[in-house]
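Residue numbering for the sequence shown follows our numbering, starting at 43 and increasing by one per position.
C-beta atoms are modelled at their ideal positions from N, C-alpha and C, and glycine is treated no differently.
None of these values were measured; they are calculated from a predicted model.
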Amino acid sequence: MDTSDECSTSKIISSNNDNENLQFSLSAIIQAHSDDAKCVIETPTGTLISGGRDGFMKIWTNEGINWTNTSTVQQKDCLAINSIALGSAPDAGFESLIFLGRKNGSVAIYNASNTEEPVKVLQGHKSNVCALYFDDKTGFLMSGSWDHNAVVWPLELLLKEGPDRVPIGFLSGHKCSVWAVATVPSKLPKFLTGSADKSIKLWSKDYDVVEYLVEHVLQFPSDGDCQRFILTQTDQDLINKCTKCMISIKEAKARQAEQANKAAASLLEMLAKEEALEESKKRTKQRQKEKKKAKKQAKKDDEDNCINENEVNNQFEKISLKPVESVATENLAIRQQK
């Protein structure tokens with residue numbers, strides 16, 4: 043780990059929602075890997091986990107600005123690590139798991155409390171796994187790869203049963219590498235993929251494309267750069283052409299932003315409809331449950347009334363018969379006396 047005065051005085055300026063400037067200082071540099079540091083993630087306890095092209099996963103803890111490498115795990119054949127995610131599978135006996143996306147298309151799963159060997163290695167891609175995402179609510183692990191595909195892994199079932207006995211979901215249809223994967227909060231599972239083919243796709247639980255959220259993303263030069271270039275020019279004809287170009291760029295950006303906003307609104311509307319439908323189903327189910335309960339109670343009340351009525355009739359019969367028997371006995375006794 044290397045820190046210096048020069049590093050500590052480097053600054054990053056950002057802003058929050060209140061448009062107030064937030065100032066950050068570089069506090070430390072960790073000399074972590076012998077080759078490219080490809081990915082890093084922070085655990086809930088503040089520990090860092092890094093992966094590199096050198097084939098090592100390293101775990102770091104800190105005291106102040108000093109970071110210490112507490113664990114180093116080398117991958118078989120020094121496979122480059124290109125993505126990291128964290129998760130858990132409590133029903134399968136794992137409270138904390140580390141997922142590593144590797145160069146050969148595999149995903150290695152480590153128990154965070156014992157990283158000597160992976161507890162499972164998932165093989166679903168033909169090339170580098172460059173994106174990983176774990177949804178702790180659904181238990182799905184998602185991976186994206188250079189092979190143009192994404193895979194949905196039902197993690198706990200895989201850990202319990204093994205990959206040969208559990209169906210996994212393949213999201214195939216992109217024309218280039220899948221660089222981003224995520225799930226969408228919904229009653230029915232939905233999945234998002236972002237690709238180098240400039241498209242973003244929303245997939246259903248059946249692993250079919252629901253719709254293109256963004257079918258084709260365009261990249262534009264900065265209109266700010268154009269503006270600065272114009273200010274340095276004296277040739278009026280060039281200034282006019284550059285001004286027109288800048289206007290075209292702004293208009294194109296606005297159109298793309300409008301498309302993205304429509305897609306986002308469409309997704310939110312769809313999720314809202316699903317939520318409303320689910321709420322309606324819950325209310326209907328509750329009404330049916332209450333109706334069934336009321337019917338059952340009414341039947342019980344009828345049975346109780348019937349039992350009470352029979353008891354009353356029986357008591358009445360006993361009361362009615364007793365005087366007749368008594369009178370007959372008394373009359374017979376009188377006749378015998380005479």
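Item                                                                                                                                                       : Value
Kindly indicate which three-state DSSP category N347 falls into: helix, strand or coil?                                                                    : helix
Exposed or buried, C348, counting other C-beta atoms within 10 Å across all chains shown (16 or more means buried)?                                        : exposed
Ordered along the chain, which non-local residues of its own chain (more than five positions away) have a Cβ less than 8 Å from that of L234?              : A222, V223, A224, T225, V226, I242, K243, L244, W245 and L255
Based on the DSSP output, what are the partners of W195 in its beta bridges?                                                                               : L183
Quick check: the Cα distance between L128 and A296, rounded to an integer number of angstroms?                                                             : 37 Å
Among T103, G236 and M312, which one has its Cα closest to the Cα of N111?                                                                                 : T103
Between the C-alpha atoms of L280 and K240, what's the straight-line distance to the nearest angstrom?                                                     : 32 Å
Counting pairs of beta carbons, one from the stretch 171-178 and one from the stretch 143-156, are three or more of them closer than 8 Å?                  : yes
Name the two residues that bound the continuous beta strand (DSSP E) containing S246.                                                                      : That residue, S246, is in no beta strand (DSSP E); it is neither H nor E in DSSP.
What would DSSP say about R297, mapped onto helix, strand or coil?                                                                                         : helix
Report the residue from A336, C218, K217 and E105 whose alpha carbon sits nearest the alpha carbon of A70.                                                 : E105
Tell me which residues share the same chain as D189 and place their Cβ nearer than 6 Å to its Cβ, disregarding the 5 neighbours each side in the sequence. : H167, K168 and S169
So, with DSSP's three-state summary, where would you put E311?                                                                                             : helix
In this structure, what does DSSP give as the bridge partners for G97?                                                                                     : Bridge partners of G97: none, in fact.
Are the beta-carbon atoms of S228 and E311 separated by less than 8 Å?                                                                                     : no
Which residues bound the beta strand (DSSP E) around V226?                                                                                                 : V220 to V226
With distance defined between alpha-carbon atoms, name the residue in D77, L68, S67 and I126 nearest to I83.                                               : I126
Would you kindly check if the distance between the Cβ of I107 and the Cβ of M99 is under 8 Å?                                                              : no
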